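In this note's numbering, the protein residues as written are 557 to 761.
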């Protein structure tokens, strides 16, 4: 088995490259296109590079989960910086998250499609369930922090609802039965939808 061509390159950098490449392959061809050899070729690395860092397909998919979570949180920090200084205003939060959803439905759509497809694999492979669970903690923690600032009495419960609704909206717009017939994503409409989600998440039972 070949080792990486440049031993001086840090494994973390190579791992990131391989995870990004694997995510791109899944976005383009689905899970059927995800093999160690295909990742090597797409990344422009010697044969055996992917299996050197990720011995099994399960390990490679787990790396994709972690990388997808990292990229999504980076988008939040860049487009909706709600973690460092959470604005205790529903309209401001809705506008920030509406902009983020617009990004994920347009320039980030392929990555989100890959995330959905990769996530389904955990339903079939119990060895991936803990990795998928871990990858989902960051977004829920951030949602709980935002909702706490907005006055949620049960922020974790409300956060779980917000994340579920957001995932449902993304799936419906990207891969649902009416996805191809819907108008292009509109930030104003998405912001209004997010505001309704926030109001519902904060409503008293």
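For each residue, glycine too, the CB sits at the ideal point set by N, CA and C.
Computed from a prediction, not measured in an experiment: that's the story for all the values here.
DSSP state of residue 760 mapped onto helix, strand, coil: When secondary structure is reduced to three states using DSSP, residue 760 falls in the coil class, being assigned neither helix nor strand.
8 Å Cβ cutoff met for residue 731 and residue 669: Contact annotation: residue 731 and residue 669 have beta-carbon atoms nearer than 8 Å.
Distance between beta carbons of residue 703 and residue 660, contact taken as under 8 Å: Incorrect: roughly 20 Å between the Cβ atoms, too far for contact.
Through-space distance from residue 691 to residue 592, alpha-carbon basis: Their Cα atoms are separated by approximately 22 Å.
Classification of residue 756 by the beta-carbon crowding that lies within 10 angstroms, buried from 16 upward: Here residue 756 is exposed, its C-beta having fewer than 16 other C-beta atoms within 10 Å.
Span separating the alpha-carbon of residue 753 from that of residue 601: Spanning the two alpha carbons is a distance of roughly 45 Å.
Rounded separation between residue 595 and residue 709 - CA only: Spanning the two alpha carbons is a distance of roughly 46 Å.
For residue 739, the nearest candidate out of 574, 658, 607, 612 (CA to CA): The option with the nearest alpha carbon to residue 739 is 658.
Residue 584 to residue 577 span [Cα, whole Å]: Rounded to the nearest whole angstrom, the C-alpha separation of residue 584 and residue 577 is 11 Å.
Distance between beta carbons of residue 746 and residue 654, contact taken as under 8 Å: Yes, residue 654 and residue 746 are in contact; Cβ-Cβ is about 4 Å, under 8 Å.
Distance, residue 684 Cα to residue 579 Cα: Taking the Cα positions, residue 579 is about 16 Å away from residue 684.
Pairwise C-alpha distance: residue 604 and residue 650: CA-to-CA, the gap between residue 650 and residue 604 works out to about 46 Å.
Delimiting residues of the alpha helix (DSSP H) encompassing residue 702: It spans 693-705 - the alpha helix (DSSP H) in which residue 702 sits, taken as one unbroken run.
Beta-carbon proximity list for residue 613, same chain, < 8 Å, skipping 5 on both sides: Hits under 8 Å: 590, 591, 592.
With 16 other Cβ atoms within 10 Å as the buried cut-off, status of residue 680: Exposed: under 16 other Cβ atoms inside 10 Å.
Whole-angstrom distance between residue 719 and residue 698, CA atom to CA atom: Whole-angstrom Cα-Cα distance: 10 Å.
Interface flag, residue 667 vs chain B, CB-CB below 8 Å: Chain labels in this structure do not include chain B; a single protein chain is all it has.
Residue 606, enclosing alpha helix (DSSP H) - first and last residue: From DSSP, the alpha helix (DSSP H) with residue 606 extends over 605-609.
Residues of its chain near residue 717, where Cβ-Cβ distance is below 6 Å and the 5 sequence neighbours each way are ignored: Closer than 6 Å at the Cβ level, and outside the excluded window around residue 717, lie 757.
Residue 686 vs residue 619 beta-carbon contact at 8 Å: Residue 686 places its beta carbon 8 Å or farther from that of residue 619.
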